[in-house]
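K.L.:
Numbering (our numbering), first residue to last: 3 to 234.
Note that beta-carbon positions come from the ideal geometry of N, C-alpha and C, so glycine has one too.
Since this is a predicted model, take the numbers as computed values, not measurements.
1. Could you tell me which of 44, 47, 71, 37 sits nearest to residue 57, measuring between CA atoms?
2. Does the region 72–81 come close enough to the region 46–64 that 3 or more CB-CB pairs lie under 8 Å?
3. Below 8 Å on the Cβ atoms is my contact criterion, and I expect residue 132 with residue 115 to pass it. Report the Cβ-Cβ distance as a whole number of Å.
4. Looking at residue 111 and residue 92, is the spacing between their C-beta atoms short of 9 Å?
5. In this structure, does DSSP put residue 44 in helix, strand or coil?
6. Under a three-way DSSP split, which group does residue 171 fall into?
7. Would you mind giving the Cβ-Cβ distance between residue 185 and residue 166, rounded to the nearest angstrom? I have them listed as a contact below 8 Å.
8. Which same chain residues, not among the five before or five after residue 215, have their C-beta less than 6 Å away from its C-beta?
9. Between the beta-carbon of residue 190 and the beta-carbon of residue 227, is there less than 9 Å?
10. Output the distance between the C-alpha atoms of residue 87 and residue 224, rounded to the nearest integer angstrom.
11. Taking DSSP as the reference, what is the three-state secondary structure of residue 80?
12. Counting only runs that start and end within the region 60–139, where is the alpha helix (DSSP H) found for 4 or more residues in a row?
13. Going by beta carbon distance, what residues of the same chain come within less than 7 Å of residue 134, once the five residues before and after it are set aside?
14. Would the beta-carbon of residue 107 fall within 9 Å of that of residue 68?
15. Using a 10 Å radius around the Cβ and a threshold of 16 neighbouring Cβ atoms, would you call residue 96 buried or exposed?
16. Consult DSSP for residue 148 and reduce its assignment to one of helix, strand or coil.
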């Protein structure tokens, strides 16, 4: 007879739990690696554009420096240093150009600020203050633009107000409906996966009754997804 102690057994339920935890951790690790790779790509591209913008400034090419700074601002990542540098450079270029009477360059820089801020918004607008400042500046410059004699029937202040109102008009999808769009898609996909898993208790066995709850969730998700897509 052997005096060795019997190895402790793991219950099937505990084994399944451990397996699920390991799979969840593996999936989280994969997602983390993907997010890290994407973030690295964004930061590298943004830093490259800022470097090109700086090089253009040293050459005295204000137009190229503005365009490159605009591209850098578009490569948005929370906390990335190149983003703040890009916005500050665009604002500085715009202010300097306006002071020198270069209306075209000033508009190019302020529109770069505005476009980058709009492009990088999601549930929030990370650069709302920059966007507001750009809108006011664009409206002011546009209102002061020279016009042919006899065509300027309104005072500059009124023109500026109209320009600003047009710039502030928000035609982007409304945030609550965008959130519902994401949630409904998750419900749709999750309900379908749940239905498939519940309906196949064993290989070769298909039980539609067990899949009813998952089918219901999936159908609700589809309905809400279509509604959110229409309303957003």
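P.N.:
According to the data block:
1. Taking the first residue of the chain shown as 1, we reach residue 57 at position 55. Looking at the Cα atoms, 71 is the closest of the given residues.
2. yes
3. In the chain shown, residue 132 corresponds to position 130, counting from 1. In the chain shown, residue 115 corresponds to position 113, counting from 1. Their Cβ separation, rounded to whole angstroms, is 5 Å, which keeps residue 132 and residue 115 in contact under 8 Å.
4. Taking the first residue of the chain shown as 1, we reach residue 92 at position 90. Taking the first residue of the chain shown as 1, we reach residue 111 at position 109. Cβ distance < 9 Å, so residue 92 and residue 111 count as in contact.
5. The sequence position of residue 44 within the chain shown is 42, counting from 1. Helix at residue 44.
6. Here residue 171 refers to the residue found at position 169 when the chain shown is read from its first residue. Coil at residue 171, not helix or strand.
7. Here the question's residue 185 lines up with position 183 in the chain shown. Here the question's residue 166 lines up with position 164 in the chain shown. At roughly 35 Å, the Cβ-Cβ gap does not stay under 8 Å, so residue 185 and residue 166 are not in contact.
8. For the purposes of this step, residue 215 is taken as residue 213 along the chain shown, with counting starting at 1. So the list is empty, once near-sequence residues are dropped.
9. Walking along the chain shown from the start, residue 190 turns up at place 188. Walking along the chain shown from the start, residue 227 turns up at place 225. The answer is yes: Cβ separation under 9 Å.
10. Indexing the chain shown from 1 puts residue 87 at position 85. Indexing the chain shown from 1 puts residue 224 at position 222. So the alpha carbons of these two residues sit roughly 43 Å apart.
11. The residue given as residue 80 occupies position 78 in the chain shown. If DSSP states are grouped into helix, strand and coil, residue 80 belongs with coil.
12. 64–76, 83–101, 105–121
13. Within the chain shown, residue 134 is the residue found at index 132, counting from 1. Within the same chain, residue 134 has no close Cβ partners at all.
14. In the chain shown, the residue the question calls residue 107 occupies position 105. In the chain shown, the residue the question calls residue 68 occupies position 66. In this structure, residue 68 lies closer than 9 Å to residue 107 by Cβ.
15. The residue you call residue 96 lines up with position 94 of the chain shown. Classification for residue 96: buried.
16. Looking up residue 148 in the chain shown gives position 146. Of the three classes helix, strand and coil, the one that applies to residue 148 here is coil, per DSSP.
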